[in-house]
Amino acid sequence: MQVSSLNEVKIYSLSAGRSLPEWLSDRKKRALQKKDVDIRRRIELIQDFEMPTVSTKIKVSRDGQYIMAVGTYKPRVRCFDTYQLSQKFERCLDSEVVTFEILSDDYSKIVFLQCGRFVEFHSQHGHYYRTRIPKFGRDFSYHYPSCDLYFVGASSEVYRLNLEQGRFLNSLQTEASESNVCDINPVHFLFAMGTAEGRVECWDPRTRNRVGLLDCALSSVTADTEIEGLPSISALKFDGALNMAVGTSTGQVLLYDLRSSNPLIVKDHHYGLPIKSIQFQHQLDLIISADSRIIKMWNKDTGKIFTSMEPEHDINDVCLYPNSGMLMTANEAPKMNIYYIPVLGPAPKWCSFLDNLTEELEENPESTVYDDYKFVTRKDLENLGLAHLIGSSLLRAYMHGFFMDIRLYHKAKMMANPFAYEEYRREKIRQKIEETRAQRVQLKKLPKVNKELALKLIEEEGEEQQISKKRKQKNLPSLLKDDRFKVMFENPDFQVDEQSEEFRLLNPLVSKISEKRKRKLKILEELEAEGQEEEEEPEGKASDAESSESSDDEKGWVEEVRKQRKLLRQEEKLKRQERLKEDQQTLLKPQFFEIKEGEEFRSFKDSAKKQKLMKKTLEDRLKLEEKLGTLNVSDTTVGSKQATFKLKKSEQQRKQQEAEKRHRQERKSLRRSASHLKSRRGRGRLFH
Numbered sequence: 001m002q003v004s005s006l007n008e009v010k011i012y013s014l015s016a017g018r019s020l021p022e023w024l025s026d027r028k029k030r031a032l033q034k035k036d037v038d039i040r041r042r043i044e045l046i047q048d049f050e051m052p053t054v055s056t057k058i059k060v061s062r063d064g065q066y067i068m069a070v071g072t073y074k075p076r077v078r079c080f081d082t083y084q085l086s087q088k089f090e091r092c093l094d095s096e097v098v099t100f101e102i103l104s105d106d107y108s109k110i111v112f113l114q115c116g117r118f119v120e121f122h123s124q125h126g127h128y129y130r131t132r133i134p135k136f137g138r139d140f141s142y143h144y145p146s147c148d149l150y151f152v153g154a155s156s157e158v159y160r161l162n163l164e165q166g167r168f169l170n171s172l173q174t175e176a177s178e179s180n181v182c183d184i185n186p187v188h189f190l191f192a193m194g195t196a197e198g199r200v201e202c203w204d205p206r207t208r209n210r211v212g213l214l215d216c217a218l219s220s221v222t223a224d225t226e227i228e229g230l231p232s233i234s235a236l237k238f239d240g241a242l243n244m245a246v247g248t249s250t251g252q253v254l255l256y257d258l259r260s261s262n263p264l265i266v267k268d269h270h271y272g273l274p275i276k277s278i279q280f281q282h283q284l285d286l287i288i289s290a291d292s293r294i295i296k297m298w299n300k301d302t303g304k305i306f307t308s309m310e311p312e313h314d315i316n317d318v319c320l321y322p323n324s325g326m327l328m329t330a331n332e333a334p335k336m337n338i339y340y341i342p343v344l345g346p347a348p349k350w351c352s353f354l355d356n357l358t359e360e361l362e363e364n365p366e367s368t369v370y371d372d373y374k375f376v377t378r379k380d381l382e383n384l385g386l387a388h389l390i391g392s393s394l395l396r397a398y399m400h401g402f403f404m405d406i407r408l409y410h411k412a413k414m415m416a417n418p419f420a421y422e423e424y425r426r427e428k429i430r431q432k433i434e435e436t437r438a439q440r441v442q443l444k445k446l447p448k449v450n451k452e453l454a455l456k457l458i459e460e461e462g463e464e465q466q467i468s469k470k471r472k473q474k475n476l477p478s479l480l481k482d483d484r485f486k487v488m489f490e491n492p493d494f495q496v497d498e499q500s501e502e503f504r505l506l507n508p509l510v511s512k513i514s515e516k517r518k519r520k521l522k523i524l525e526e527l528e529a530e531g532q533e534e535e536e537e538p539e540g541k542a543s544d545a546e547s548s549e550s551s552d553d554e555k556g557w558v559e560e561v562r563k564q565r566k567l568l569r570q571e572e573k574l575k576r577q578e579r580l581k582e583d584q585q586t587l588l589k590p591q592f593f594e595i596k597e598g599e600e601f602r603s604f605k606d607s608a609k610k611q612k613l614m615k616k617t618l619e620d621r622l623k624l625e626e627k628l629g630t631l632n633v634s635d636t637t638v639g640s641k642q643a644t645f646k647l648k649k650s651e652q653q654r655k656q657q658e659a660e661k662r663h664r665q666e667r668k669s670l671r672r673s674a675s676h677l678k679s680r681r682g683r684g685r686l687f688h
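With full-length UniProt numbering applied, the sequence shown closes on residue 688, and no number is skipped along the way.
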């Protein structure tokens, strides 16, 4: 978000900064946001608030929910939903749009005046109807009481199209050769049109008669204006019942009271460009007028400039969001600009967070950095011999010093110290020497326990420092300096056993690296014993020797792998022989095992039978299962086969089922005997 200030009025440009392409992935967008400060600080208030090439007109619906814009290329209209902060729809048109009007409160009824004399009507679903006017149109206005559209253009007539009856009415005959703009007063519905001759004609729609004529061309000429030709009317806007602002093609804005033929005030933009748009801001009694280069805000009573804005690209249209401090522009560029001026009013309710954001920015202002200026103190000026410039226009007082032009500073420094380049060169050479010294291996006191591990950590730490310098990252803490791992280099119980099988099986290359580290350790111990200086190279070899050693290591890597494998095989063979000798020496004694109750001893024949059965084909196994009764194969009515399997029961399950069967038989016999005794007792009682 870019902030500018003029006359102590802060203007926040919400669309400043570069826009990212849609085809970029989220990962690349995040990477760009990390690198580029402008992209990180930009605010995308409405998503994709732009046109493919150029935007020509922009308007807001009466309910404030929708922002509509037209542009090229290809000709199209885009509608943005402020509640969703995104685009609602896009419709392409057959020809370029000159201007358009939103007839309803939302986007459901729109009228487009196009280049090829076409008038196109759109409803909520899209294109509704298309008609044509006799001459090329330049502007039109909608008369709400009678539902009439008034078209002005390259003709002396004003064409009327009644939307209720759906037909053209009698046109208004004017004295002008051509008309550029028109507007209807929102209070008493007076129709006014600006002509190419620099006049404004006012018509009463009820009687269809002209009621007034203003000659603005003569009134726009003042003492300090230079005019090459006759100014025509390029903009027209009513304010209330009595006020009207007129913009000319030579860059003047005239404010009229309808009761007088003389303008109340004439404001010149001093650019000589046609006025494109005029808006009224009622809270501060301001008029916002814009040509293709600048937007000016000035007081309508005094004409005093309030503030101004100069966008990067030419302006085509300006739209002031109702009852807020937000301003939108259509430009000769794909992106449509959005400005927020807190002095004009609050932010719209759909982006109320802008108020809090701007308040925070005002509370914590950023310090301004001047790239083309150098900040110097009074002492610096005395050293440069420029103390006599204090109080002149070449120095600007700021805090405890002054700002001066950077070119003047370099010239003065060159004259005061001509040998500055030699000092700079010596300093650079010294820095290079220090860098080469820092790259050498520094002798450090190694711990008593795990010396090789400590040396390995020192080497890795040096490599990480070089990588972090390239990537500009923070250095990680060293394990040697960490108190949590201090015992590992002090207690002998933590000594790494390099002869263990686990250590050797990691990688043959580890042993090779450890051998190099052992040689380095030996050299370090010798150097410590001799008490040599720290800057001396511990290996005592030239770079050529190191490169030859590295090449030998690469060649002998395969041989080292083979050696390690052979050694491991020999060790395993020796271990097996030792085990065999121990087994032969030991006497084997018979062991007895007790079988649990209810279980039977199974011979090894069962396993042999199973193995033999598994070797048979599936067909043979199915036949065998069918013989045993565990498989039943039958034909179905469809012609397919149906197989039914029965699971084999274990011996224990079979015994349990037999026991249950015997138990059931015993209970049946007991019940029979009991019933027999009862029947005999009943017979005896009868005989008695």
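Beta carbons are placed, not taken as given, at the ideal position from N, Cα and C, and that holds for glycine.
Here's the rule: buried if 16 or more other CB atoms are within 10 angstroms of the residue's CB, otherwise exposed. What is residue i?
| i | result |
| --- | --- |
| residue 618 | exposed |
| residue 323 | exposed |
| residue 629 | exposed |
| residue 49 | buried |
| residue 672 | exposed |
| residue 201 | buried |
| residue 145 | exposed |
| residue 73 | exposed |
| residue 253 | buried |
| residue 295 | buried |
| residue 188 | exposed |
| residue 397 | exposed |
| residue 297 | buried |
| residue 636 | exposed |
| residue 269 | buried |
| residue 691 | Residue 691 cannot be examined here, being either before or after the span of the chain that is shown, 1 to 688. |
| residue 709 | Residue 709 lies beyond the residue range present for the chain, which begins at 1 and ends at 688; the question has no answer from this structure. |
| residue 633 | exposed |
| residue 160 | buried |
Please list, in chain order, all residues of the same chain as residue i whose beta carbon is under 6 Å from its beta carbon, the five residues on each side excluded.
| i | result |
| --- | --- |
| residue 743 | A query on residue 743 cannot be resolved here, the shown segment of the chain reaching from 1 to 688 and no further. |
| residue 333 | 313 |
| residue 256 | 244 and 263 |
| residue 135 | 153, 154 and 155 |
| residue 89 | 79 |
| residue 360 | none |
| residue 101 | 111 and 142 |
By Cβ distance, which residues of its chain are closer than 7 Å to residue i, with the 5 residues on each side in sequence left out?
| i | result |
| --- | --- |
| residue 259 | 242 |
| residue 128 | 121 and 122 |
| residue 249 | 231, 232, 234 and 274 |
| residue 212 | 202 |
| residue 9 | 306, 307, 341 and 343 |
| residue 239 | 245 and 280 |
| residue 147 | 162, 163 and 164 |
Heavy atom of the ligand HEM less than 6 Å from the Cβ of residue i, yes or no?
| i | result |
| --- | --- |
| residue 216 | The ligand HEM is absent from the structure shown, which contains no ligand whatsoever. |
Mind checking whether residue i and residue j have CB atoms under 7 Å apart?
| i | j | result |
| --- | --- | --- |
| residue 404 | residue 374 | yes |
| residue 231 | residue 198 | yes |
| residue 182 | residue 141 | yes |
| residue 131 | residue 113 | no |
| residue 329 | residue 318 | yes |
| residue 265 | residue 303 | yes |
| residue 326 | residue 346 | no |
| residue 180 | residue 208 | no |
| residue 162 | residue 172 | no |
| residue 60 | residue 97 | no |
Whose C-beta lies closer than 8 Å to the C-beta of residue i among residues of the same chain, with five residues either side of it excluded?
| i | result |
| --- | --- |
| residue 5 | 11 |
| residue 383 | 416 |
| residue 669 | none |
| residue 547 | Low confidence applies to residue 547: its pLDDT is 48, below 50, so where it sits in the model is not reliable, and the reading given next is rough at best. The answer is none, since no qualifying residue turns up. |
- Message: Under 8 Å, with one C-beta from each stretch per pair, do the region 79-93 and the region 56-66 reach the 3-pair mark?
- Response: yes
- Any chance the region 480-500 sits against the region 447-461, with 3 or more Cβ pairs inside 8 Å? yes
- May I ask you to verify whether the region 170-179 touches the region 214-221, counting CB pairs closer than 8 Å and requiring at least 3? no
- Query: What residue ranges within the UniProt domain "Nucleolar protein 10-like second" (369-417) form continuous beta strand (DSSP E) runs of no fewer than 3 residues, ordered along the chain?
  - Reply: 373-377, 395-398 and 401-405
- With a floor of 4 residues, list each alpha helix (DSSP H) that falls wholly inside the region 213-283, ordered by position along the chain. 216-219
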